[in-house]
Amino acid sequence: METGRHSDNERIVTAPGLRVLNDNRWSHPCFGHSLFPENAVAQIFKPSRSVTTSGTARTKGWRLVFNRRSAPFIEPLMGYTGSADALTQVELKFPTLESAIRYAERQGLSYVAQRRPRKAAAQAKQGVGQRSHQPSDAFADATLERLGLAALQQNYRRALDGALNRDDASGPATWPSPMGVALDPTLSIEAKRSILMNWAWTEYQVDQAPIGGISENNQRSRLHEVERALLSLEREVESRRDHGMVDRNVA
């Protein structure tokens, strides 16, 4: 009987054919003679996409490889790394996780099957969606620093954090131009900052389009307009603050 344990993202199974130092029993794979050594331990995993390519061909299906059973050595003449363990060169491909596990069990292998938790996968997917539609703190900070407004970074972070509670409208869908947001008397300063920074993020993505700052629907980036509106807004805020201080001093 095999023994196993589960964690959030892997299943570890010790097959009956694997003997430990204090185990005198001898057992066999499910059918016939195993193709692999008695002390072989397999790793079953789904390949990840390489960060250097956008292709997904190598991420299809599942792989079964073997843990190294002996330490590598340095070949004295040529200096390259060698190994006496031929199993490290074996890589088997399977269409599904279940088929890889069935194969390992037929061969009487101990194995570790790695799998991604559904909850974590859903959270990661949700996080990607959020990052694509909302500016990160790093983007907002860099934009403000470029405009000479680095002292306001914390103010903009608070404004962006409160966007959901205020139910801020979409800038491009509501105002004909970014300056319209800066001049709208019905909006609070926090709402203006949040809407304009979100609009800057949208236009930045257009600006990064592969065809000279033109989006898929042939719209040109208006990032420079948004940046002018941000500068205009903060000049107005500073002007109001200065006038307020003068009025208090006169009083």
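Per the numbering used here, the very first residue in the sequence shown carries number 67; after that it's consecutive.
Heads up, the beta-carbon is just placed ideally off N, CA and C, and yes, glycines get one too.
What number of angstroms, rounded off, separates the C-alpha of Q271 from the C-alpha of D151?
Cα-Cα distance, rounded: 49 Å.
Give the DSSP-derived three-state secondary structure of H94 in the structure shown.
Note that H94 scores 49 on pLDDT, short of 50, meaning its location in the model is unreliable and no value can be drawn from it.
Does the beta-carbon distance from P113 to R129 come in below 8 Å?
Taking 8 Å as the Cβ cut-off, P113 and R129 qualify as a contacting pair.
Look up A235 in the DSSP assignment and say whether it is helix, strand or coil.
coil
Name the two residues that bound the continuous beta strand (DSSP E) containing V107.
V107 to F111
Output needed for R232: all residues of its chain with C-beta closer than 6 Å, excluding positions within five of it in sequence on either side, in chain order.
For R232, where only same-chain residues beyond five positions count, the Cβ hits under 6 Å are A257.
State the start and end residues of the unbroken alpha helix (DSSP H) segment that holds E211.
D203 to R212
Where does V131 sit, in a helix, a strand or coil, going by DSSP?
Here V131 sits in strand by DSSP.
Taking 8 Å as the threshold (C-beta atoms), are L163 and A137 in contact?
no
Neighbour-count burial assignment, P142, 16 or more Cβ in a 10 Å radius:
Per the 10 Å Cβ criterion, exposed.
Please tell me whether R223 and D203 are closer than 8 Å, where the distance is taken between their beta carbons.
yes
Limits of the unbroken alpha helix (DSSP H) element including L158:
Going by DSSP, L158 is part of no alpha helix (DSSP H) but of the beta strand (DSSP E) stretching over E157 to F160.
Cβ separation of D273 and L289, assumed to be a contact under 8 Å, to the nearest whole Å
That belief holds up - the Cβ atoms of D273 and L289 are roughly 5 Å apart, short of 8 Å.
Quick check on the burial criterion: 16 or more other C-beta atoms within 10 angstroms. Buried or exposed for N105?
exposed
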